[in-house]
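Down below is the structure, laid out as structure tokens.
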Amino acid sequence: MTLWNAVLLAAIGCLALKGAGYLVPASVLEAPRPARITDLLTVALLAALVAVQTLAAGPHIVVDARVPALLVAAGLLLLRQSFLVVVIAAAVVAALLRLLGWAA
Amino acid sequence: MIVMRSEERTIESGPEGEAAIEVRVARREALGVALATSAYGISFGALAVASGFDVWQTCVLSLLMFTGGSQFAFVGVIGAGGLAAAPAAIASALLLGVRNVAYGMRMSPVIGRGAARRALAAPFTIDESTAVSLAQRSPRARRVGFWITGVGIYLGWNLTTLLGALLGDVLGDPKTYGLDAAAAAAFLALLWPRLRKRQAIAVGIAAAAVATVLTPVLIPGLPVLVAAFVAIVVGWFNWFAPRVAVRAPGEGAA
Numbered sequence: 000m001t002l003w004n005a006v007l008l009a010a011i012g013c014l015a016l017k018g019a020g021y022l023v024p025a026s027v028l029e030a031p032r033p034a035r036i037t038d039l040l041t042v043a044l045l046a047a048l049v050a051v052q053t054l055a056a057g058p059h060i061v062v063d064a065r066v067p068a069l070l071v072a073a074g075l076l077l078l079r080q081s082f083l084v085v086v087i088a089a090a091v092v093a094a095l096l097r098l099l100g101w102a103a
Numbered sequence: 000m001i002v003m004r005s006e007e008r009t010i011e012s013g014p015e016g017e018a019a020i021e022v023r024v025a026r027r028e029a030l031g032v033a034l035a036t037s038a039y040g041i042s043f044g045a046l047a048v049a050s051g052f053d054v055w056q057t058c059v060l061s062l063l064m065f066t067g068g069s070q071f072a073f074v075g076v077i078g079a080g081g082l083a084a085a086p087a088a089i090a091s092a093l094l095l096g097v098r099n100v101a102y103g104m105r106m107s108p109v110i111g112r113g114a115a116r117r118a119l120a121a122p123f124t125i126d127e128s129t130a131v132s133l134a135q136r137s138p139r140a141r142r143v144g145f146w147i148t149g150v151g152i153y154l155g156w157n158l159t160t161l162l163g164a165l166l167g168d169v170l171g172d173p174k175t176y177g178l179d180a181a182a183a184a185a186f187l188a189l190l191w192p193r194l195r196k197r198q199a200i201a202v203g204i205a206a207a208a209v210a211t212v213l214t215p216v217l218i219p220g221l222p223v224l225v226a227a228f229v230a231i232v233v234g235w236f237n238w239f240a241p242r243v244a245v246r247a248p249g250e251g252a253a
């Protein structure tokens, strides 16, 4: 598979999912189980992505500048800061720690 | 990203002035959300280029996929595992896109009948447009909220994606600028508003633990997919169910 194929396959798949919602009868979502699983699926994937993006370096678990950066991000989210502030702050913290040589 | 409830009441008709105010409020909210959301397209563009995508591929992702969580997941998994991780990257993007099915179901009465209108609405059916729309009260304000938010973010997000991609191209090593940490923070910020209930918090912690433990064992991308099973199992058996559910009706608010 080329990178272009992967891009198109994933993009068209996601677009199809958006369209599918308009074709499915609303009663499906009224059932508690599919509604619950749909909500939790998003939570599980995002949480797993947070963990992997913070700790993984290829097949290894590494604690580096990303960890303090993520803690700062969590603190800012607790203080109800906007998405942009949180993301930029995390980048700045990691970049500074690396610049100072305090973390890898 | 806002918890939406299907039983929300709508005002079918009201005095002329009130209706106009509601539409104006919807328009203002929609523009605010569109501006704020569009801004972080820059981080997506820069990250995608840092993960090995060219500028065109990055732009196609924002033009066609146009759903932030899936886009970040897709480039994140390929960035970690290369082309070998493509199947896992596609699966991650699609699984994260499943929530848009639920949004489409909620938006379809707002958008109204007609295949053409619904087909046109589908690409703009995302977290923000659904949330802004359902926060309005009158059907007209809901429609205005949906379209302005969706189309506004689409224009802004694609513009900033291009900017970020061009910027990322000249920046060099993304780690110097903390872009890897920015991606982690982006996922956390997307996750945060969903962590209100005990069940969601439990699933989030368990999924993060599963993905971490499996990282040294499986190829990149797969740990995230396996972690998704946590949601299916917990959701199916309804473990850690909200305490409110077992109380008598009216005793506690959800």
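Protein sequences, first through last, are from chains X and B. The first sequence begins at 0 in numbering that gives the first Met the number 0 and counts up one residue at a time. The second sequence begins at 0 in numbering that gives the first Met the number 0 and counts up one residue at a time. From the three backbone atoms N, C-alpha and C, an ideal C-beta is built for every residue, glycine too. Since the model is a prediction, treat every value here as computed from it, not as a measurement.
In the assembly as shown, residue 117 (chain B) is a buried residue. Its beta-carbon has 16 or more other beta-carbons within 10 Å.
Against residue 69 (chain X), the close residues of chain B are 180, 183, 184 and 187, in the order they occur along the chain (beta-carbon pairs closer than 8 Å). Residue state for residue 56 (chain X) is assigned as strand, using DSSP reduced to three classes. The Cβ atoms of residue 92 (chain B) and residue 73 (chain B) sit closer than 7 Å to each other.
In this structure residue 82 (chain X) is not in contact with residue 102 (chain B), their Cβ atoms being roughly 19 Å apart against a cut-off of 8 Å. When C-beta atoms of the region 187-205 of chain B are compared with those of the region 17-30 of chain X, fewer than three pairs fall below 8 Å, so the two segments do not count as touching. Within chain B, the residues 99, 100, 101, 102, 103, 104, 105, 106, 107, 121 and 124 have their CB atoms less than 9 Å from the CB of residue 20 (chain X), given in chain order. Taking 7 Å as the threshold, the shortest C-beta distance from residue 81 (chain B) to chain X does not fall below it. Apart from the 5 residues on each side of it in sequence, residue 102 (chain X) sits with its Cβ closer than 6 Å to the Cβ of 63, 64 and 96 in its chain, given in chain order. DSSP places residue 102 (chain B) inside the alpha helix (DSSP H), whose first and last residues are 85-110. Residue 239 (chain B) and residue 41 (chain X) have their C-alpha atoms some 17 Å from each other. The residue among B:205, B:105 and B:31 with its C-alpha nearest the C-alpha of residue 24 (chain X) is B:105. The three-state reading of DSSP puts residue 53 (chain B) in coil, since its state is none of H, G, I, E or B. With a cutoff of 7 Å on beta-carbon distance, residue 45 (chain X) and residue 154 (chain B) are scored as not near each other. Taking 7 Å as the cut-off, the Cβ atoms of residue 90 (chain B) and residue 167 (chain B) do not count as close. The DSSP-derived three-state label of residue 174 (chain B) is helix. Interface with chain X (7 Å Cβ-Cβ cutoff): residue 215 (chain B) is included. Chain-order list of chain B residues neighbouring residue 3 (chain X): 56, by C-beta distance under 7 Å.
Neighbourhood of residue 227 (chain B) in chain X, by CB distance below 8 Å: 40, 43, 44 and 47, in chain order. The C-alpha of residue 26 (chain B) lies about 43 Å from the C-alpha of residue 211 (chain B). DSSP, read as helix, strand or coil, puts residue 11 (chain X) in helix.
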